[in-house]
Every structure is written in structure tokens, then in C-alpha cells.
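Engineer: This is the structure I want to talk about, given as C-alpha cells.
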Amino acid sequence: MSWARRLRRVVLPLLVLAALIGAWQVAAANGTIADAFSLEPFLVPSPAEVGKALWENRTLLWDNTWVTLREILIGLAAGAVAGVVLALPMRFSELFRDTFYPLAVAAQAIPVAAIGPILVVWFGFGIGPKIFLVGLFTFFPILVNTLDGLRSVDPEAVKMMRTLDGSRWAIFRRVEVPSALPPFFTGLKVAAAITPIVALIAELVGSTSGLGRQIITDNANLEVARMFAAVVILMVIGIVLFGLAALVERLVIRWR
Amino acid sequence: MEPGAAATTDGGAAVAIRGLSHSFGELEVLAGLDLEAPAHTVLGLVGPSGCGKSTLLEILCGLREPSAGAVAVGAAEDAAGRLASCAFMPQRDLLLPWYSALDNAALALRNRGAGRAEARKQASELFGRFGLAGFERELPGRLSGGMRQRVAFLRTLVAGKPVLALDEPFAALDAITRAEMQEWLARALREDPRTAVLVSHDVEEVLYLCDRVAVLSARPGRVVTELKAPAPRAPDRLAAVTDPAFVHAREAALRALREGSR
Numbered sequence: 001m002s003w004a005r006r007l008r009r010v011v012l013p014l015l016v017l018a019a020l021i022g023a024w025q026v027a028a029a030n031g032t033i034a035d036a037f038s039l040e041p042f043l044v045p046s047p048a049e050v051g052k053a054l055w056e057n058r059t060l061l062w063d064n065t066w067v068t069l070r071e072i073l074i075g076l077a078a079g080a081v082a083g084v085v086l087a088l089p090m091r092f093s094e095l096f097r098d099t100f101y102p103l104a105v106a107a108q109a110i111p112v113a114a115i116g117p118i119l120v121v122w123f124g125f126g127i128g129p130k131i132f133l134v135g136l137f138t139f140f141p142i143l144v145n146t147l148d149g150l151r152s153v154d155p156e157a158v159k160m161m162r163t164l165d166g167s168r169w170a171i172f173r174r175v176e177v178p179s180a181l182p183p184f185f186t187g188l189k190v191a192a193a194i195t196p197i198v199a200l201i202a203e204l205v206g207s208t209s210g211l212g213r214q215i216i217t218d219n220a221n222l223e224v225a226r227m228f229a230a231v232v233i234l235m236v237i238g239i240v241l242f243g244l245a246a247l248v249e250r251l252v253i254r255w256r
Numbered sequence: 257m258e259p260g261a262a263a264t265t266d267g268g269a270a271v272a273i274r275g276l277s278h279s280f281g282e283l284e285v286l287a288g289l290d291l292e293a294p295a296h297t298v299l300g301l302v303g304p305s306g307c308g309k310s311t312l313l314e315i316l317c318g319l320r321e322p323s324a325g326a327v328a329v330g331a332a333e334d335a336a337g338r339l340a341s342c343a344f345m346p347q348r349d350l351l352l353p354w355y356s357a358l359d360n361a362a363l364a365l366r367n368r369g370a371g372r373a374e375a376r377k378q379a380s381e382l383f384g385r386f387g388l389a390g391f392e393r394e395l396p397g398r399l400s401g402g403m404r405q406r407v408a409f410l411r412t413l414v415a416g417k418p419v420l421a422l423d424e425p426f427a428a429l430d431a432i433t434r435a436e437m438q439e440w441l442a443r444a445l446r447e448d449p450r451t452a453v454l455v456s457h458d459v460e461e462v463l464y465l466c467d468r469v470a471v472l473s474a475r476p477g478r479v480v481t482e483l484k485a486p487a488p489r490a491p492d493r494l495a496a497v498t499d500p501a502f503v504h505a506r507e508a509a510l511r512a513l514r515e516g517s518r
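Residue numbers (the numbering used here), protein chains in the order written: chain A, 1 to 256; chain B, 257 to 518.
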């Protein structure tokens, strides 16, 4: 890709974003949005006020961000490990795959907002249920993509390896694992992008700290600017995690 | 190339196929083939699409056992023995995109447990002689079609097996590159004679590269006729393929192909 094109892919979205924020700033500051929805003006903070809330509450927000970030990172790591560890026996054993793949699909159908309160009843308000939920909803895209990658190996390449004295293990590590890496990273990126949502819902249904807890408290106190601040932080977490996964992918997969 | 050079062995085994038949369930693909390739000669197989050429190579390489008949590579008659004696060069180069050209060429050595440095050293000795010097570290995605095919052939040679099984090695190349690669392969085999079985649907290609050519019929494949090539792997390809004897053999092969396709 040319440099002009790369630059364009960064600059153009930022310009659109800046325009949207600018429009919001104007509409919030002169009361257009509040009038349109018949709201008190203090319920419609402008981007500048959200920025001010971010700065003035930085200690509180950082403490809660750290709680949520920890849930996300540990949960994502657990989900990635579980996804890969389950994909391997599913690759090699049809019996294992037939038995557990439908169950993995079923696990994905569990509504996070419904199982959250149950976990809170059982395990309390600690970090455990949040990690479990983040893990539960991230292992699936990683499992499905990794398994697809392991199984999509060209059978001709396997024959070629066999005539070159490749053992089952050599075929696995020289052909199947590298083939599965790009799909694995696709799964990891999808999983990383959804983690803030899962962590937030898990916190909303029962927690003592974290950005979700803070949104509930601010909701009760009509601290709308700080609620927006929390939303901005969650978005940034999602984007940064996705970007990190994409960066690692580019460093690992040099052949594309 | 000097005979007996590093990473290649003196390809001494002969190939003998007797009464070979193969079916996939109800579908009969090969019907009673008798073929032979004495040591250091190249046997060509040409036939219409779907005549079982690739299945025949898989059986030869020990990737399958035939439904009936016997296939011997040197002294090896069972699948495991044939697998140990044949190196297979597939239709598409199938270079592993995550390995450099050199690491692809050295694959067989690594598979046998050689260390990376040792395997690279052995394979790199062949790179210069195959017109690939300077491209050792390139990933396959950055090589031209002809170069990829050369690396794939090198990978097959480095395996050091007595018999090479070549499955339409140049089918994916454009006509000009293909002619160049045929000359290149002819030279490689002149300098380092191997026993090889070459499958192709290109009559000119097999008549130029092989000592003997078997024309196979449409499925189920059987031998329609066997031809002796007039000037196998002659240094001047263009002169060889326009020689009246070659043109005559080519015509005979094409007639046999047409007869076998009916």
C-alpha cells in the first residue's frame, strides 16, 4: 500500500470523527440536543465537558479502569488459552469434536446478562465471575477460527510432507500450526473487540468497583458527563486491544 | 553439477509396475497397468484428464496401496518402503509460505531431524547450481513462478530419494517459462541422472524430458501404447522438438491419445 493510501486511511476517519465531535459540541453547547429531547441542558454534556470530567476524575476513573482492564486481560488470556487447548484435541479426534463442538456452540448461546446475576449469587461481587464471563465469550471465536485453520490444511501439502519423511508431528508443527495462525489472530481480534462489552455487562449485574459499577453510580446521581467518560474509556480499551492483537499478528505472520 | 554432490544420492533404483489396478469404491480409475522405468531413466505418463495419472503417482510414492497388482521401487514393494524411496513433486509447488526458499528446500532434512544450520548448509550448496543464488532468504511469495518451481524441484532432490515422482510440475506456468523450465530440468537430469516418473498432459513435454512415454487411455486408465523418445533431454530443446523423428513420435502419441479417449 502506498504511503498516501496509508495516510488517507488514518486521516480520513479522524476527520469524520472530528467533524462529528465538533457538531456534537456545537449542538450541546447551544442547547439544540436538550431542546430536541426536552431535557435539562445539564443532562447533555458537550465533548468539552466530557473531556473535563475525564481529567478532573482521573484518579477515580483510573482506579475503576484498572479493575475493568484486569478483568478483560485475564479473561481474554483465559479464553485464548481455552480456545486453543480445545481446538487441538478437536483437530485430532473426531469423537472429541463431535462431542464437545456442539457444547461450545451452546455455551456461546448463554445470555451474559442472565447468567451474570447467577454467578454473583454463587461467587459474590469479586473479579472471578467477570473473568469467567469474559473467558466464556472470548474462547469461542478463538476456538472456531483456530480449529478451521488447523483443518483447512491442503491435503496435497500433507502428502508432500509425507514423501519428504515428515512425521505426524513434523506435519503438525511445520504445516498445520503456521496455517492456523492467521485464523487464530482473526479470532483473537474479534474476541478482543467484544471484551469491554462483556466485562461491562458482568459489572452492571453485580460489582463493587469497575467502570460498570461507576456507570450505575453516576446514573443514580445524574453525573452524565462522567458516564460518557466511562464510555469513552471502554471504547479506547476495545480499540487498543484490537490494535495490539493486529500488531502482534503482523509481527508473527511475516509471510503475508 | 558434479555427480554424487552433497544432499543428492546416486539415484539407482528401478521402478516396476505389474498388473496395477485401482478403484475408489465403484469407480475404477486404473485397469491393469504394466510399466517399467530402469534405473536412471525417466518414464513419462501422458493421458487425458481424470485417467488416474495422479493416483498412479500416489501409489508409486506409497501414499496409497493399489487395489490389485504390484509396485516395486528398487527392492521396496510395500507402501512404507516405497514412501521411503520416492520423493513427490506436486502439481502446484506447495512451497510453505512461512519458510524461506532455503528452508523450503531443506524441509526433508529438517523432517529427518537435522538441525536448522546443518540443513540450510546442505541445501544452500545446491542453490547456486540451480540458478537460485541470492534468493535463499526470500519468502516464496516474492519468487516468480519459475523460481518457485525450481525451489520445489530442489526440495525434491534434497530429499535424496532414489526415485522422483513429478506430477505435472510445470502445468501452472506460462508457455515461455514452461519451455525454459523443461530445458532447465533436462540439464539437471543430464548432469545428475535420476530415476523419475513424470506425469503430464503435455505430449511435447514428456517426449522431450523422458526416455519412454506411456500413453494412457481415459478412465479407467490403461496403457494404449508405449513410445521411445527420439532424443531425451537433448541440450538444444528447440532443435530436438522440431526434428522430424520427434514430430513423428509426437504425432503417434497424439493419435494414441485420441484413440484412448474414445
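Idealized CB from N, CA, C, for every residue including glycine. Computed from a predicted structure; not experimentally measured.
1) Let me see if you follow: with CB-CB separation under 7 Å, is A/Val248 close to chain B or not?
2) Take the Cβ of A/Val26 as the centre, count every other Cβ of all protein chains shown within 10 Å, and call the residue buried at 16 or more, exposed below.
3) Taking the C-alpha atoms as reference points, what is the distance between B/Ala331 and B/His296?
4) If B/Cys342 and B/Leu316 are in contact, beta carbons under 8 Å, what's the gap, nearest whole angstrom?
5) Who are the neighbours of A/Ala157 on chain B, taking C-beta pairs under 7 Å?
6) Could you give the DSSP three-state label for B/Leu395: helix, strand or coil?
7) Quick one: grab the DSSP three-state call for A/Ser245.
8) What is the DSSP secondary structure of B/Ala261, counted as helix, strand or coil?
9) So if DSSP puts B/Met345 in a beta bridge, which residue, or which two residues, is it bridged to?
10) To the nearest angstrom, report how far apart A/Phe228 and A/Phe42 are at their CA atoms.
11) Can you confirm whether A/Leu150, when its beta carbon is compared against all beta carbons of chain B, has any partner nearer than 7 Å?
12) Please report the distance separating the alpha-carbon of B/Ala512 from that of B/Val471.
13) Are the CB atoms of B/Ala357 and B/Phe386 nearer to each other than 7 Å?
14) Please list the terminal residues of the continuous alpha helix (DSSP H) segment that includes A/Ile118.
15) Can a CB atom of chain B be found closer than 7 Å to the CB of A/Pro178?
16) What are the complete alpha helix (DSSP H) segments, minimum 4 residues, inside the region 45 to 129 of chain A?
17) Going by beta carbon distance, what residues of the same chain come within less than 7 Å of B/Glu460, once the five residues before and after it are set aside?
18) Going by alpha carbons, who is nearest to A/Gln108 out of A/Val121, A/Met90, A/Phe132, A/Gln214?
19) Show which residues of chain A have a CB atom less than 9 Å away from the CB atom of B/Cys342.
20) Suppose you measure from the CA of A/Gly22 to the CA of A/Gly243; what does that come to, to the nearest Å?
21) Should A/Trp255 be flagged as near chain B, meaning a C-beta pair shorter than 7 Å?
22) Can you tell me the Cβ-Cβ gap for A/Ala259 and A/Met161, rounded? I've got them flagged as a contact below 8 Å.
23) Quickly, what does DSSP pair B/Leu291 with across the bridge? List them, please.
24) How many angstroms separate the CA atom of B/Asp334 from the CA atom of B/Gly318?
25) With the cut-off set at 7 Å, would you say A/Arg213 and A/Glu203 are in Cβ contact?
26) Taking 6 Å as the limit between beta carbons, can you name the residues of its chain near A/Gly75, skipping five residues before and five after?
27) Going by Cα to Cα distance, which pick from B/Ala490, B/Ala287, B/Pro346, B/Gln378 is closest to B/Ala326?
28) Among residues of its own chain, excluding the 5 on either side of A/Leu257, which ones have a beta-carbon nearer than 7 Å to its beta-carbon?
29) What would DSSP say about A/Ala23, mapped onto helix, strand or coil?
30) What residue does the alpha helix (DSSP H) around A/Ser179 start on, and which one ends it?
31) Check this for me: beta carbons of B/Ala269 and B/Thr451, under 7 Å apart or not?
32) Whose CA, out of A/Tyr101, A/Ile72, A/Arg97, A/Leu54, lies closest to the CA of A/Ala225?
33) Buried or exposed: which applies to A/Trp3, given that a residue is buried once 16 or more other Cβ atoms fall within 10 Å of its Cβ?
34) Sort A/Gly116, A/Trp122, A/Asn145, A/Leu60 by Cα distance to A/Val85 and report the nearest one.
Structural biologist: Concretely, from the data shown:
1) If you number the first sequence from 1, residue 248 of chain A lands on position 248. Among the residues facing chain B, A/Val248 is not included, as its CB has no counterpart in that chain under 7 Å away.
2) Residue mapping note: residue 26 of chain A aligns to position 26 of the first sequence, counting from 1. So A/Val26 ends up on the exposed side.
3) Numbered from its first residue, the second sequence carries residue 331 of chain B at position 75. Numbered from its first residue, the second sequence carries residue 296 of chain B at position 40. Roughly 15 Å separates the two Cα atoms.
4) Locating residue 342 of chain B in the second sequence gives position 86, counting from the first residue. Locating residue 316 of chain B in the second sequence gives position 60, counting from the first residue. Indeed they touch by this definition, with Cβ atoms about 6 Å apart.
5) Here residue 157 of chain A is taken as the residue at index 157 of the first sequence, counted from 1. What A/Ala157 touches in chain B: Leu350.
6) Residue mapping note: residue 395 of chain B aligns to position 139 of the second sequence, counting from 1. In the structure shown, the three-state DSSP call for B/Leu395 is coil.
7) On the first sequence, position 245 is the one that residue 245 of chain A refers to. Note that residue 245 of chain A corresponds to Ala in the displayed sequence, not to Ser. If DSSP states are grouped into helix, strand and coil, A/Ala245 belongs with the helices.
8) Start at 1 with the first residue of the second sequence, and residue 261 of chain B comes out as number 5. Any reading at B/Ala261 must be qualified, since the residue scores a pLDDT of 35, below 50, and its modelled position is unreliable; no value is offered.
9) As a first step, residue 345 of chain B must be located in the second sequence, where it is residue number 89. According to DSSP, B/Met345 bridges with B/Leu422.
10) Within the first sequence, numbered from 1, the residue matching residue 228 of chain A stands at position 228. Within the first sequence, numbered from 1, the residue matching residue 42 of chain A stands at position 42. If you take the alpha carbons of A/Phe228 and A/Phe42, they lie about 13 Å apart.
11) By one-based count along the first sequence, residue 150 of chain A stands at place 150. Output row for A/Leu150: interface = no.
12) Sequence index remark: in the second sequence, residue 512 of chain B carries index 256 (1-based). Sequence index remark: in the second sequence, residue 471 of chain B carries index 215 (1-based). Roughly 7 Å between the two C-alpha positions.
13) As a working note, residue 357 of chain B is residue 101 in the second sequence. As a working note, residue 386 of chain B is residue 130 in the second sequence. Not in contact: B/Ala357 and B/Phe386 (Cβ atoms no closer than 7 Å).
14) Position 118 of the first sequence, counting from 1, holds the residue named residue 118 of chain A. Taken as a continuous stretch (DSSP letters only), the alpha helix (DSSP H) holding A/Ile118 covers 112 to 123.
15) Reading the first sequence from its first residue, position 178 is the one you call residue 178 of chain A. Closer than 7 Å: yes.
16) 47 to 56, 58 to 92, 94 to 108, 112 to 123
17) Taking the first residue of the second sequence as position 1, residue 460 of chain B is located at position 204. These residues qualify, in order along the chain: Val497, Arg506.
18) To locate residue 108 of chain A, count along the first sequence from 1; it is residue 108. It is A/Phe132.
19) In the second sequence, the residue the question calls residue 342 of chain B occupies position 86. What B/Cys342 touches in chain A: Thr163.
20) The sequence position of residue 22 of chain A within the first sequence is 22, counting from 1. The sequence position of residue 243 of chain A within the first sequence is 243, counting from 1. A/Gly22 and A/Gly243 have their alpha carbons spaced roughly 25 Å apart.
21) Along the first sequence, one-based indexing puts residue 255 of chain A at 255. At least one chain B Cβ lies under 7 Å of A/Trp255.
22) Only positions 1 to 256 of chain A appear in this structure, which leaves residue 259 of chain A out of reach.
23) Counted from its first residue, the second sequence places residue 291 of chain B at position 35. Answer is B/Ile273, bridged to B/Leu291.
24) For the purposes of this step, residue 334 of chain B is taken as residue 78 along the second sequence, with counting starting at 1. For the purposes of this step, residue 318 of chain B is taken as residue 62 along the second sequence, with counting starting at 1. Distance between the alpha carbons of B/Asp334 and B/Gly318 is about 7 Å.
25) The residue given as residue 213 of chain A occupies position 213 in the first sequence. The residue given as residue 203 of chain A occupies position 203 in the first sequence. Between A/Arg213 and A/Glu203, the CB-CB gap stays under 7 Å.
26) Mapped onto the first sequence, residue 75 of chain A falls at position 75. So the qualifying residues of the chain are Ile131, Val134, Gly135.
27) Here the question's residue 326 of chain B lines up with position 70 in the second sequence. Among B/Ala490, B/Ala287, B/Pro346, B/Gln378, the Cα nearest to that of B/Ala326 is on B/Ala287.
28) Residue numbering for chain A in the displayed model covers 1 to 256; residue 257 of chain A lies beyond these limits and cannot be assessed.
29) To locate residue 23 of chain A, count along the first sequence from 1; it is residue 23. Helix.
30) The sequence position of residue 179 of chain A within the first sequence is 179, counting from 1. A/Ser179 -> alpha helix (DSSP H) spans 177 to 204.
31) Mapped onto the second sequence, residue 269 of chain B falls at position 13. Mapped onto the second sequence, residue 451 of chain B falls at position 195. Yes, Cβ-Cβ distance for B/Ala269 and B/Thr451 is below 7 Å.
32) Mapped onto the first sequence, residue 225 of chain A falls at position 225. Closest option to A/Ala225, judged by alpha-carbon separation, among A/Tyr101, A/Ile72, A/Arg97, A/Leu54: A/Leu54.
33) For the purposes of this step, residue 3 of chain A is identified with residue 3 of the first sequence, where counting begins at 1. It counts as exposed.
34) Position 85 of the first sequence, counted from the first residue, corresponds to residue 85 of chain A. With distances taken between Cα atoms, A/Val85 lies closest to A/Asn145.
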